[in-house]
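Contents: one structure, followed by commentary.
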Amino acid sequence: MPTLTRWFVKTSLLFFFLALLLGMLLAARSAWPLPEFLAAFAPVYFHMFLVGWVTQLIFGVVYWMFPKYTLERPRRSPALGWAVYLLINLGLLLRLVAEPYHTLNPAAGMGWLLALSAVLQWLAGLFFVINTWGRVKEK
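Spelled out as structure tokens, the structure:
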């Protein structure tokens, strides 16, 4: 298994665990008197689950299992693969901080951090497609 795949899979498992923990806290608000600010973390739960766990698990498995691009460069560009890993995680971590902060303090003018996080994740998706496109081919 390539090193990059191991990083994607292990990171996805970490986000899976954290998303479930946050989901449990969000659900517990209906049964126990927990702080109201936890509601600001609902979008964070969604992003941790979908981008942090599902998307990164898919990216890692695709990087590993899709057909070889060429014998010399089986996974096309390892550097682009690492750029995908860094961009998606930087964008996700930025979102995990910026989303609740912006929700709780909308007048603080930090909405641009949400936009930046979205751009980083979009670039990760674009680079993933560029790096994977040539590996989707007939036998």
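Counting in the numbering used here, the sequence shown runs from 963 upward without gaps. Beta carbons: idealized from backbone N, C-alpha and C, even for Gly.
Rounded to whole angstroms, what is the Cα-Cα separation between A1142 and A1077? This structure cannot speak to residue 1142, because the chain is shown only from 963 to 1101.
Return yes when the Cβ of G1022 is within less than 7 angstroms of the Cβ of V1091, no when it is not. In the sequence shown, counting from the first residue as 1, residue 1091 sits at position 129. In the sequence shown, counting from the first residue as 1, residue 1022 sits at position 60. Not a contact, by the Cβ cut-off of 7 angstroms.
Cβ-Cβ separation, L966 to P1040 (assumed contact under 8 angstroms), whole Å: For the purposes of this step, residue 1040 is taken as residue 78 along the sequence shown, with counting starting at 1. For the purposes of this step, residue 966 is taken as residue 4 along the sequence shown, with counting starting at 1. With a Cβ gap of about 7 angstroms, P1040 and L966 count as contacting.
Buried or exposed: which applies to E1061, given that a residue is buried once 16 or more other Cβ atoms fall within 10 Å of its Cβ? As a first step, residue 1061 is located in the sequence shown; it is residue number 99 there, counting from the start. Classification for E1061: buried.
What did DSSP end up calling T1181 once you bin it into helix, strand or coil? Nothing in the structure corresponds to residue 1181, since the chain is present only between 963 and 1101.
Between the alpha carbons of L1066 and A989, how many angstroms are there, rounded? As a working mapping, residue 1066 is identified with position 104 in the sequence shown. As a working mapping, residue 989 is identified with position 27 in the sequence shown. Cα-Cα distance, rounded: 19 angstroms.
For the stretch 1000 to 1016 against the stretch 1047 to 1060, do three or more pairs of beta-carbon atoms, one drawn from each stretch, fall closer than 8 angstroms, so that the two count as touching? yes
CB-CB under 6 angstroms to F1028, same chain, minus the five flanking residues each way: which ones, in chain order? Within the sequence shown, residue 1028 is the residue found at index 66, counting from 1. Once the five neighbours on either side are set aside, the close Cβ partners of F1028 are R1097.
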